[in-house]
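Notes follow the structure.
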């Protein structure tokens, strides 16, 4: 359609755009070329003003505010360049309304004659503040002149789109008749000549909403757009538009022409520079090179032969920063109330806190070096021995004579609530016996957004529902044993790369080279994916939560008031205390005001372990209270929160002292760093293992996933000739404490803060040799992967007989502090399988990994079976032998997806950036709700083994999925507003619908079935809702031929989505489809029901 010629035509177009549910986009154009392609991109408005010419000449936009040209004359000159090339889009002129040498009515008439349909106030004194601005206003060159220009333009029936910087300015422009108010939040950031100082996006939301609300009271039909500051790209605009109400779109200038041009030209030049002009020369060199020789056993081992995974942040990535924090953005919540069962303990805590001096209170919130990984100092005069915090998702990390349990991801693979509880209870028993008051676990984040995350093995599953169940059962087990649990890492700690800031070697704590990565997540995704398991944790009355290293939407997690005060302590009703991850504290007062209660381990430097240099808390906290910066009431609440779970669990009475042996094993604060004279009582080197090894062995079998089983390869039936191959079968060769990757030895745990010290270790080689001795079998072992891949199994060591079975043991290492670079099995594992399977027609592969691996060998005709273990602890060998020989019928299910190719996975980690800005590390969670299997299901991508998949030595069926009872007639879409309890609104946890189904064992072996329930939400649910979401499961024992009824109770939260407008959980109107079966793609029965009518 042609360019509109009247104001009304323009407004009709814009209002139709809004009515169609689309946003309005206005764009500044400094040259004809950008105007041409802005129009092709679909912009609704094009604006021409003098800064565009400076901007496209490589100068900053503020040059347009300086005395370098006649701003109004420049616009007249630009008319001939821009107007003829724009065919359909309305073009407006930037007018300097304070120009003392032009009669505005005459000048506006000239602009109309040239072809401009409207005007905007630029250059504008709104960008100026301080005394200079005041003087401009006093001398008749102020904002009033711009308002007058807009009033005249409105009388002349020109479209008016003024900039407004404050509520007052917005109101004045609205009264002058403005058609469109563009809320300006400052000079645009990013790029080579962008501003460095700006509001945060959250602060922009506040400012924009305030101005919008004010102007619509004057003119309800006014259109409101946002512009400037940190709104440098589409993601920034989307972030603001999703969090404001009644804002119709975005106006961009630098973001529309300067930034895209900067990036495109640089990338294009770099691409030319990378061209290889002498490839032929390289080929000739290769032809003359000597041929390869067969490697011997001295060849350097190959870990991963392919290129390592990388995702370099694109140059056009939107950068979220937090360089300006408005005091009004600090969200405050009421003090802890002990609600949910802590009321009596709260009274004790308050009475105890009243006895403390100010200094004692400050040090209670400040970690100190000592025997445990985290230490709260004793107060002898009150007979308080301090608080010992210890790592331990799999063991007592600093414990001798203690057990190593199955890892968390292994426990999740069991899909067994009872196993999860038993494991946690026993783990806590050992911690308590060693004197630990707090276990730093369980882990709800990382959730497993990306399979490359190095730390997912410490967590549970790449699914919020399954992880939520695991968190709740684990916390109940730990705290029932009398030890405080700590839910970590809150929140979105989904990569290890750049999880911490990088510092110059001589820099202090607050001076970064580059800040930690920012996880940028929309509101719905935050609630439905990443907060979901933490809601379960709070519901279980978890004692403490740990804020994470990463930033969230630009702000450090440990000084993010919205995250800690509003969401955790407010919305979820968390009654415990928030501690920092080790070294995640980056401020004192700001962190305290934002809701953090304890800094760990208390000192400065990268991991907070340089105590002699001071602390953000400690003496600084004492001074902050003394000078009134931090209210005493806030400090009291911090200590009451710390001490309430201490009294709730009875830790003040007859609690075991800290075992003196843990101190020398402490890698975080060795004894020579201690500043306090720690006293130890009680026995040292306590043996706390009890009979837990039998349980660990059982758990290892129950959490081993059978992925493939053809030709009845398993269970083994006393094979006579056994080959054991692969470097994961044998004993550890580098000591019992795993602190790094290693080539030889079974991987029963991993390194980092979740590492364990084995008092003994059952290896697959030991366990199978023991079976072989019993059965009279022959065992030949080949544990050198390099030897296996460079020489045939038919070497002279091989007896001239086809083996009955070849067991190939492979591993994949992942750990804290580094992300995975490949999803292939380590130490050339794929080649090892190929080498063995080529000569052995019954090859069984056993993988040992912290997460997903691609398995191209699964298609090999000689690979008859595949089993997956996940760091199964001290009884790893016996546990896998139990499954291999049929003593245990496998029942575990995958807690993640195994894809065909690494490239099939979405949600890449950010592994590098190409720019050096302080805040440039970003990770945009663009996949939103499509995490894990939800992504594969939403896009109908074939997978090798789906989420929830796992075979058994028997077969099961499920049928007759039906409702048990009817839907409540008075069920409302939104929950009733009830007082918040731990976990949030208690209405969310009430059962609103129940289904049942018949599950049967159709095979001839007794075993556990794991029926699973998935939901497909009604079509009325907002776009982006995944097609299947796990909402129930059970694990039931069935003898061969037996049938049982399984029940799925659905709570309100289970059938709701997070409504970002209502800021509440909403049950959508329309038909739900309930799908029950044995994996996310194996559905045996469906049921349809409408819970809430439209």
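Numbering (the working numbering), first residue to last: 667 to 1760.
All residues carry an ideal CB built from backbone N, CA and C; glycine is no exception.
- In the three-state DSSP reduction, residue 1248 falls in the coil class, being neither helix nor strand.
- The C-beta separation of residue 1369 from residue 1558 comes to about 5 Å, placing the pair in contact by the 8 Å criterion.
- Closest in alpha carbon position to residue 1208, among 1298, 1122, 1105, is 1105.
- Straight-line measurement puts the Cα of residue 998 at about 32 Å from the Cα of residue 1690.
- One Cα belongs to residue 1580, the other to residue 976, and the distance between them is close to 13 Å.
- Per DSSP, residue 1170 lies in no beta strand (DSSP E) and is assigned neither H nor E.
- Of the residues assessed, residue 767 falls on the exposed side of the cut-off, its CB having fewer than 16 other CB atoms within 10 angstroms.
- Under the three-state reduction of DSSP, residue 978 is assigned to strand.
- In this chain, residue 872 is not harboured by any beta strand (DSSP E); it is covered by the alpha helix (DSSP H) spanning 867-884.
- The C-beta of residue 1170 has fewer than 16 other C-beta atoms within 10 Å across all chains shown, which makes the residue exposed.
- If you look at residue 1731, you'll find it in the beta strand (DSSP E) that goes 1730-1732.
- Bridge pairing for residue 1647: 1650 [DSSP].
- Residue pairing for residue 672: DSSP places it in no beta bridge.
- Counting every other CB atom within 10 Å of its CB across the protein chains shown gives residue 1216 a total of 16 or more, marking it as buried.
- Each residue's CA atom was taken as its position, placing residue 1153 and residue 1201 some 10 Å apart.
- Taking the CA atoms as reference points, residue 822 sits about 12 Å from residue 773.
- The Cβ atoms of residue 1514 and residue 1551 do not sit closer than 8 Å to each other.
- With fewer than 16 other Cβ atoms from the protein chains shown falling within 10 Å of its own Cβ, residue 1756 counts as exposed.
- According to DSSP, residue pairing for residue 1126 in a beta bridge does not occur.
- Counted as a single uninterrupted DSSP element, the stretch harbouring residue 845 is not any alpha helix (DSSP H), since DSSP gives it neither H nor E.
- Counting C-beta atoms within 10 angstroms of its own C-beta, residue 1485 has 16 or more neighbours from the protein chains shown and is therefore classed as buried.
- The criterion of a C-beta distance shorter than 8 Å is not satisfied by residue 1723 and residue 1540.
- Relative to the Cα of residue 1098, the nearest Cα in the group 892, 1230, 1312 belongs to 1312.
- With contacts defined by Cβ atoms closer than 8 Å, residue 985 and residue 919 do not form a contacting pair.
- In this structure residue 1102 is not in contact with residue 1358, their Cβ atoms being roughly 16 Å apart against a cut-off of 8 Å.
- If you look at residue 1717, you'll find it in the beta strand (DSSP E) that goes 1709-1717.
- According to DSSP, residue pairing for residue 1682 in a beta bridge involves 1739.
- DSSP places residue 1493 outside both helix and strand once states are collapsed to three, so it counts as coil.
- Secondary structure in the stretch 1328-1385: the beta strand (DSSP E) runs of 3 residues or longer, each lying completely within the stretch, are 1371-1375 in chain order.
- In the DSSP assignment, residue 1034 falls outside any beta strand (DSSP E) and carries neither an H nor an E.
- Unbroken beta strand (DSSP E) runs of no fewer than 3 residues, entirely contained in the stretch 1176-1207, are found at 1184-1186, following chain order.
- Judged by pairs of C-beta atoms under 8 Å, the stretch 1042-1054 does not touch the stretch 1281-1288, as fewer than three such pairs exist.
- Spanning the alpha carbons of residue 1445 and residue 1493 requires a straight line of approximately 23 Å.
- In the DSSP annotation of this structure, residue 1212 is not part of any alpha helix (DSSP H); the continuous beta strand (DSSP E) holding it starts and ends at 1210-1213.
- Nearest neighbour of residue 738 by Cα position, chosen from 789, 1348, 781, 747, turns out to be 789.
- Remark: C-beta atoms of residue 1072 and residue 1362 approach each other more closely than 8 Å.
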